[in-house]
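Numbering (the working numbering), first residue to last: 851 to 1043.
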């Protein structure tokens, strides 16, 4: 589990599917096992609170993005406590939204990391990808169809260089600058290797 404080009232949690299994849940349980999911969120909120020094009280907006192969990214935003509940110290209201993405999109802070990851992806037979630039980040969308073992290799390689992204390909196409529209890995290896 990775934690990141985004602002005074917001933090992110990233859980791999292995993290979920360690906590006794599967990806499918997220849609069906409501008591188990509620307990998972409750535990994660308190872990994040302890590690990040984040005071949990009032209303929490919890956005859960299930990423196809990587795991899930949870964005927690705390809203100011209302007057109605100021007297209840341990009151927490969670409003949870759940979203699932089938796309494999990763973000990078530096183009050099894209070059490095492209060399490794080329070696494991992944060639078809697109690369975009938007909001000071580079994005790589993996378009090669992968079987589960190849997906695990991809995640292992990408975790060294990139972060999973919840930005969609539609948003990247509309607002991002296309650097490589197709066969990005092959082209990067040809021009930059």
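No residue lacks a Cβ here, since even glycine has one placed at the ideal position from N, Cα and C.
Practice task
Determine, using beta-carbon pairs with one atom in the stretch 1023 to 1034 and one in the stretch 874 to 882, whether at least three such pairs fall under 8 Å.
Solution key: The stretch 1023 to 1034 and the stretch 874 to 882 do not touch, with fewer than 3 CB-CB distances between them shorter than 8 Å.
Exercise for the section: Identify, in the order they occur along the chain, each residue of the same chain with its Cβ nearer than 8 Å to the Cβ of residue 1003, setting aside the five sequence neighbours on each side. Expected result: Translated into positions along the chain shown, residue 1003 becomes position 153. Within the same chain, residue 1003 has close Cβ partners 974.
Problem - Close beta carbons around residue 864, own chain, < 6 Å, minus the five adjacent residues each side - result: Residue numbering aside, residue 864 sits at position 14 when the chain shown is read from its first letter. Here the set comprises 852, 923.
Problem - Stretch-stretch touch, CB-based, cutoff 8 Å, three pairs: the stretch 854 to 864 with the stretch 895 to 908 - result: yes
Handout entry: When 979, 977, 965 are compared against residue 1046, the one with the closest alpha-carbon
Key = Because the chain in this structure spans residues 851 to 1043, residue 1046 falls outside the shown range and cannot be described.
Handout entry: Buried versus exposed, by CB contacts within 10 Å (16 or more), residue 874
Key = Working through the chain shown from its first residue, we reach residue 874 at position 24. The residue in question, residue 874, is exposed, as its Cβ has fewer than 16 Cβ neighbours within 10 Å.
Exercise for the section: Run through the stretch 940 to 999 for me and flag every whole alpha helix (DSSP H) of 4 or more residues, listed as ranges in chain order. Expected result: 961 to 973
Handout entry: Distance CB(residue 1010)-CB(residue 967) smaller than 9 Å
Key = Here residue 1010 corresponds to residue number 160 of the chain shown, with the count starting at 1. Here residue 967 corresponds to residue number 117 of the chain shown, with the count starting at 1. Between residue 1010 and residue 967, the CB-CB gap stays under 9 Å.
Exercise for the section: Hey, could you find the ends of the beta strand (DSSP E) residue 908 is sitting in? Expected result: For the purposes of this step, residue 908 is identified with residue 58 of the chain shown, where counting begins at 1. 908 to 917 is the extent of the beta strand (DSSP E) around residue 908.
Handout entry: Exposed unless 16 or more other CB atoms sit within 10 angstroms - verdict on residue 871
Key = Taking the chain shown and counting its residues from 1, one reaches residue 871 at position 21. Looking at its Cβ environment, which holds fewer than 16 other Cβ atoms inside 10 Å, residue 871 is exposed.
Practice task
Report, in whole angstroms, the separation of the C-beta atoms of residue 998 and residue 920, which I expect to be a contact under 8 Å.
Solution key: Residue numbering aside, residue 998 sits at position 148 when the chain shown is read from its first letter. Residue numbering aside, residue 920 sits at position 70 when the chain shown is read from its first letter. Between residue 920 and residue 998 the Cβ distance is about 13 Å, and since that is not below 8 Å, they are no contact.
Exercise for the section: May I ask you to report which of helix, strand or coil DSSP gives residue 921? Expected result: Position 71 of the chain shown, counting from 1, holds the residue named residue 921. Strand.
Exercise for the section: Provide the residue span of the beta strand (DSSP E) that contains residue 854, from first to last. Expected result: Residue numbering aside, residue 854 sits at position 4 when the chain shown is read from its first letter. Residue 854 -> beta strand (DSSP E) spans 852 to 857.
Problem - N-terminal and C-terminal residue of the alpha helix (DSSP H) that residue 1030 is part of - result: By 1-based counting over the chain shown, the position of residue 1030 is 180. Per DSSP, residue 1030 belongs to no alpha helix (DSSP H); it is in the beta strand (DSSP E), 1027 to 1030.
Handout entry: Same chain, Cβ closer than 8 Å to residue 929, five either side skipped, listed in chain order
Key = Position 79 of the chain shown, counted from the start, is the residue given in the question as residue 929. So the qualifying residues of the chain are 859, 908, 909, 910, 911.
Exercise for the section: Output the distance between the C-alpha atoms of residue 927 and residue 916, rounded to the nearest integer angstrom. Expected result: By one-based count along the chain shown, residue 927 stands at place 77. By one-based count along the chain shown, residue 916 stands at place 66. Their Cα atoms are separated by approximately 17 Å.
Practice task
Check whether the Cβ atoms of residue 1033 and residue 963 sit closer than 9 Å, and answer yes or no.
Solution key: Start at 1 with the first residue of the chain shown, and residue 1033 comes out as number 183. Start at 1 with the first residue of the chain shown, and residue 963 comes out as number 113. Contact flag unset, no.
Exercise for the section: Alpha carbon to alpha carbon, how far is residue 1000 from residue 988? Give it in angstroms, no decimals. Expected result: Numbered from 1 along the chain shown, position 138 holds the residue referred to as residue 988. Numbered from 1 along the chain shown, position 150 holds the residue referred to as residue 1000. Those two C-alpha atoms are separated by around 23 Å.
Handout entry: Beta-bridge partners of residue 884, as assigned by DSSP
Key = Here residue 884 is taken as the residue at index 34 of the chain shown, counted from 1. Residue 884 pairs with nothing; no bridge assigned.
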